[in-house]
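Protein chains in written order, with the working numbering: chain A, 1 to 115; chain B, 116 to 229.
As structure tokens, then:
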């Protein structure tokens with residue numbers, strides 16, 4: 001069974017503080033992604049990675065950094081958290097399948113509140 | 116650039132009603148079109164996918180059809196159940212890159228009354 005686990009599941013942070021969201025996958029997938037989900041915006045891509053040591057900017061990368069130290073782990077880092085980053089964050093893994101498309105396997109989400 | 120438009124933010128139905136959710140897309144590449152479903156408190160999961168090769172996908176009683184002429188793909192189900200209550204996202208996956216990036220619509224919240 002494909003598995004993507006996120007931690008923490010819930011986090012309250014103060015404005016200006018540093019937040020690290022962690023993600024671990026046991027699917028042995030090359031690609032990993034961080035999305036945030038907000039009402040009226042759906043899921044928006046923040047950062048993604050093609051493999052260990054690589055990170056790429058997604059559609060809304062400002063204010064976020066990412067780190068992929070290994071095949072299994074992908075972290076999202078908010079160096080200076082702001083209230084606008086209050087959201088639910090989802091990590092996902094997937095493999096390239098050409099015309100068959102890329103099925104993403106999502107974690108259960110990390111709810112972040114910045115006060 | 117590539118985009119996906121999903122206009123229906125919320126749909127409320129009764130059990131055994133017909134479900135139809137529409138989604139339109141814009142891309143210059145060969146698309147794979149997908150529907151994801153998100154149940155309360157969970158992450159999204161793949162419901163079905165449609166490619167330019169097959170034009171139609173079927174899963175768990177849901178059917179999605181792709182229309183290249185109108186650049187649309189819609190999700191339908193003949194008879195919804197209360198257990199189908201969830202958020203449904205359409206998504207566009209673009210062929211041609213070594214690592215795919217999905218673009219999601221805003222999601223449609225389906226509430227099915229018993």
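Here a beta-carbon is modelled for each residue, glycine too, at the ideal position from N, C-alpha and C.
- Against chain A, the beta carbon of residue 183 (chain B) has no neighbour under 8 angstroms; the closest one sits roughly 15 angstroms away.
- Only those residues of the stretch 154 to 182 of chain B whose C-beta falls short of 8 angstroms from the nearest C-beta of chain A are listed: 156, 157, 158, 159, 160, 161, 164, 166, 167 and 168.
- Residue A:56 holds the alpha-carbon nearest to the alpha-carbon of residue 48 (chain A) among A:56, A:36 and A:114.
- Within the DSSP bridge table, the entry for residue 38 (chain A) names A:42 as partners.
- For residue 146 (chain B), the secondary structure class from DSSP, reduced to helix, strand or coil, is strand.
- Look at residue 24 (chain A): its C-beta is not under 8 angstroms from any C-beta on chain B.
- Residue 188 (chain B) and residue 134 (chain B) do not touch by the CB rule: their CB atoms are close to 14 angstroms apart, not below 8 angstroms.
- Scanning B:159, B:146, B:176 and B:116 for the CA closest to the CA of residue 3 (chain A) turns up B:159.
- With fewer than 16 neighbouring CB atoms inside 10 Å of its own CB, residue 173 (chain B) falls in the exposed class.
- A Cβ-Cβ distance of about 5 angstroms is found for the pair residue 110 (chain A) and residue 21 (chain A), placing them in contact under the 8 angstroms criterion.
- The C-beta of residue 208 (chain B) comes closer than 8 angstroms to at least one C-beta of chain A.
- The C-beta of residue 28 (chain A) comes no closer than 8 angstroms to any C-beta of chain B.
- Within the stretch 62 to 79 of chain A, no residue has a Cβ lying closer than 7 angstroms to any Cβ of chain B.
- The three-state secondary structure of residue 59 (chain A), taken from DSSP, is coil.
- Pairwise C-beta distances place the stretch 58 to 75 of chain A out of contact with the stretch 183 to 200 of chain B, as fewer than three of them are shorter than 8 angstroms.
- When DSSP states are grouped into helix, strand and coil, residue 79 (chain A) belongs to the coil group.
- Under the 8 angstroms criterion on CB atoms, residue 221 (chain B) is classed as interfacial with respect to chain A.
- When rounded, the separation of the alpha-carbon atoms in residue 146 (chain B) and residue 121 (chain B) is 16 angstroms.
- When the five nearest sequence neighbours on each side are left out, the beta carbons in the same chain lying within less than 7 angstroms of the beta carbon of residue 65 (chain A) are those of 77 and 79, in order along the chain.
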